[in-house]
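Engineer:
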């Protein structure tokens with residue numbers, strides 16, 4: 001491929017053009033599973049390597065297209081640069097749809113390039129002939145076909161720009177096979193996304209609500225990290241001393257152990273607040289649909305006023321009753337709030353914050369009993385009692401499971417932002433191996449820990465083969481209760497019985513990992529969890545610690561997501 005740097009004009013076949021545009025947007029890894037419809041994409045990456053382009057476009061091949069797409073989605077979350085998945089036509093593309101939907105729900109920037117049957121044979125029944133964009137459009141920011149080589153450079157640039165612009169999300173393009181092999185020229189853009197400028201008057205109105213509040217709570221969500229607003233959020237919290245909760249990739253924005261982080265007093269904070277300011281996360285089932293407190297909970301006998309702050313207008317809640325809202329660049333909003341409040345009399349929330357800190361300490365004391373439990377079978381919480389002290393400050397923790405990962409949300413408080421990955425509101429199992437692959441590549445020197453339920457492992461454990469082939473050491477910790485625990489308990493509650501909720505007893509999934517070239521062990525004694533984790537982290541290979549847990553020790557949840 002030739003290029004003229006002074007004009008940013010590029011030339012080559014469609015795969016070369018697409019790779020050049022992806023690299024201009026900061027993409028360094030192409031996640032894929034081999035398919036002839038997308039061979040030109042691979043050739044584009046190889047030619048860039050041969051030309052000595054730095055950094056090269058890494059080709060990372062997996063065992064199932066869902067893993068490629070989940071890895072791209074996680075890359076977008078971790079790096080805040082769109083992840084790239086390249087999926088062959090037909091079933092290759094449809095296998096990636098769950099990951100695309102997850103990215104849409106979570107606001108993860110990613111671009112999926114699909115193969116497509118050749119246009120010059122369209123309608124004659126060629127292999128895997130399927131009009132894919134109409135299928136994907138409902139779960140993506142955009143989905144379109146780039147019909148000719150001349151459409152590729154501009155179309156790919158538009159896709160990456162849209163994916164990384166507020167509100168972030170997935171964009172799908174496919175290219176007919178004949179057009180993929182054709183050559184053309186094009187011009188690439190700046191590689192930047194677009195952001196929304198927030199309304200200054202709306203910021204001022206929220207600042208006044210905060211100044212008037214007696215018991216405020218701040219909630220920081222995934223978009224605080226995605227919008228590069230983590231530093232502004234920490235400044236605001238530390239300056240005001242406002243009690244704060246986090247969810248999604250908002251975890252770690254306020255470091256674990258920070259005096260203003262009141263995750264362990266979540267119920268008391270949300271029930272007792274008179275103002276809840278929610279930043280960068282939807283008012284969905286995880287946040288009671290935006291209703292906090294109430295006559296039986298709140299000291300005032302009222303529901304809290306709610307403020308919603310989002311990165312773009314379309315993300316502001318349309319169903320909750322809001323006292324105020326603003327949409328736009330979150331750093332601008334948070335810094336604007338801090339400045340506006342500092343211009344007046346700084347509110348004093350010392351007593352409220354102190355009460356919540358007391359509840360955090362009391363909760364930690366209660367948690368200690370479960371975190372050190374000697375029960376047989378093992379209580380899932382005991383795993384976290386051993387794991388949390390071993391997590392490094394730079395650790396990336398990935399959750400892929402139901403009940404077992406719910407315990408992680410309760411006990412794991414990251415020390416740094418950008419180190420927590422879960423499926424988000426879409427709740428899709430099977431994302432874990434793709435996310436682990438992405439994390440090890442994006443953070444090559446960090447500790448990477450994948451938390452797996454035994455049910456979730458069935459979706460993607462074969463991609464341990466990918467970890468092994470590409471030398472990507474990851475520690476996997478499994479809570480193995482031989483059941484679909486998140487369904488078993490509720491079904492028993494509703495009907496007095498459960499069906500289709502049990503798995504094979506004590507399956508040695510570690511033997512699967514060993515068969516694929518990794519290592520692992522099964523743990524049945526709580527005293528052996530810690531030593532097993534130490535061996536895993538020291539191994540330097542993909543390692544599964546398969547902990548047999550008590551199916552009756554269900555996570556005590558307040559919502560089933562409906």
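Residue numbers (full-length UniProt numbering): 1 to 562. Don't be surprised by glycine CBs; every beta carbon is placed ideally from N, CA and C.
#1: Taking only runs of the alpha helix (DSSP H) that begin and end inside the stretch 362-421, which ones reach a length of at least 4 residues, in chain order?
#2: Please state the DSSP three-state secondary structure of residue 322.
#3: Give the single residue among 433, 27, 488, 427 whose Cα lies nearest to the Cα of residue 552.
#4: Buried or exposed: which applies to residue 510, given that a residue is buried once 16 or more other Cβ atoms fall within 10 Å of its Cβ?
#5: Inspect the beta-carbon positions of residue 46 and residue 97 and report whether they are closer than 8 angstroms.
#6: Buried or exposed: where does residue 208 fall if 16 or more other Cβ atoms within 10 Å of its Cβ makes it buried?
#7: When we look at the beta-carbon of residue 372 and count the other beta-carbons within 10 Å, is it buried (16 or more) or exposed?
#8: Assuming residue 341 and residue 325 make a contact with CB atoms under 8 angstroms, what is their CB distance in whole Å?
#9: I'd like the list of long-range same chain contacts for residue 492, defined as Cβ closer than 8 angstroms, with 5 residues on each side in sequence excluded.
#10: Does DSSP classify residue 87 as helix, strand or coil?
#11: Would you kindly work out how many angstroms separate the C-alpha atoms of residue 482 and residue 506, rounded to a whole number?
#12: Looking at C-alpha atoms only, which residue of 435, 476, 378, 439 is the closest neighbour of residue 525?
#13: For residue 178, which residues from the same chain have a beta carbon less than 7 angstroms from its beta carbon, with the 5 sequence-adjacent residues on both sides left out?
#14: Looking at residue 504 and residue 513, is the spacing between their C-beta atoms short of 8 angstroms?
#15: Could you check whether the stretch 221-239 touches the stretch 273-280, counting it as contact only if at least three pairs of C-beta atoms, one from each stretch, sit closer than 8 angstroms?
#16: Quick test of your reading: residue 248 and residue 221, contact by CB under 8 angstroms. State the CB separation rounded to the nearest angstrom.
#17: Indicate the three-state DSSP secondary structure (helix, strand or coil) for residue 95 in the structure shown.
#18: Ordered along the chain, which non-local residues of its own chain (more than five positions away) have a Cβ less than 7 angstroms from that of residue 538?
#19: By DSSP, does residue 17 sit in helix, in strand, or in coil?
#20: With a CB to CB cut of under 6 angstroms and the five nearest residues on each side skipped, what residues in its chain are close to residue 394?
#21: Measuring CA to CA, which of 206, 370, 382, 453 is closest to residue 405?
#22: Within the continuous alpha helix (DSSP H) that includes residue 441, where are the two ends?
#23: Where does residue 67 fall in DSSP's three states?
#24: Assign residue 64 to one of two classes, buried (16 or more other C-beta atoms within 10 Å of its C-beta) or exposed (fewer than that).
#25: Residues in its own chain within less than 6 angstroms of residue 170 by CB, not counting five upstream and five downstream?
#26: Hey, out of 333, 44, 40, whose CA is closest to residue 28's CA?
#27: Measure the Cβ-Cβ separation of residue 22 and residue 147 and say whether it is below 8 angstroms.
Structural biologist: Checking against the coordinates, here is how it stands:
#1: Fully enclosed alpha helix (DSSP H) runs of 4 or longer: 380-387, 403-411.
#2: Taken through DSSP and simplified to helix, strand or coil, residue 322 comes out as coil.
#3: Taking each of 433, 27, 488, 427 in turn and checking the Cα distance to residue 552, the smallest one comes out for 488.
#4: Residue 510 comes out buried.
#5: No, the Cβ-Cβ distance between residue 46 and residue 97 is not below 8 angstroms.
#6: Exposed: under 16 other Cβ atoms inside 10 Å.
#7: Around the C-beta of residue 372, fewer than 16 other C-beta atoms lie within 10 Å, and the residue is accordingly described as exposed.
#8: Contact between residue 341 and residue 325 does not hold, since the beta-carbon distance rounds to 18 angstroms and is not under 8 angstroms.
#9: Contacts found: 498.
#10: Strand, per DSSP.
#11: When rounded, the distance between both Cα atoms is 6 angstroms.
#12: Ranking the options by Cα distance to residue 525, first place goes to 378.
#13: Within the same chain, and ignoring the five residues on either side of residue 178 in sequence, the residues whose Cβ sits closer than 7 angstroms to its Cβ are 118, 119, 120.
#14: Not closer than 8 angstroms, so no.
#15: Yes: at least three Cβ pairs fall under 8 angstroms.
#16: 5 angstroms between Cβ atoms; contact.
#17: The DSSP-derived three-state label of residue 95 is coil.
#18: Correct list: empty, nothing qualifies.
#19: Looking at residue 17 - three-state DSSP - the assignment turns out to be helix.
#20: Excluding sequence neighbours, residue 394 sits near 446.
#21: Nearest option by C-alpha distance: 453.
#22: DSSP places residue 441 in the uninterrupted alpha helix (DSSP H) bounded by 432-442.
#23: Helix, per DSSP.
#24: Per the 10 Å Cβ criterion, buried.
#25: So the qualifying residues of the chain are 100, 103, 104, 110, 140.
#26: The option with the nearest alpha carbon to residue 28 is 44.
#27: No, they are not a contact pair.
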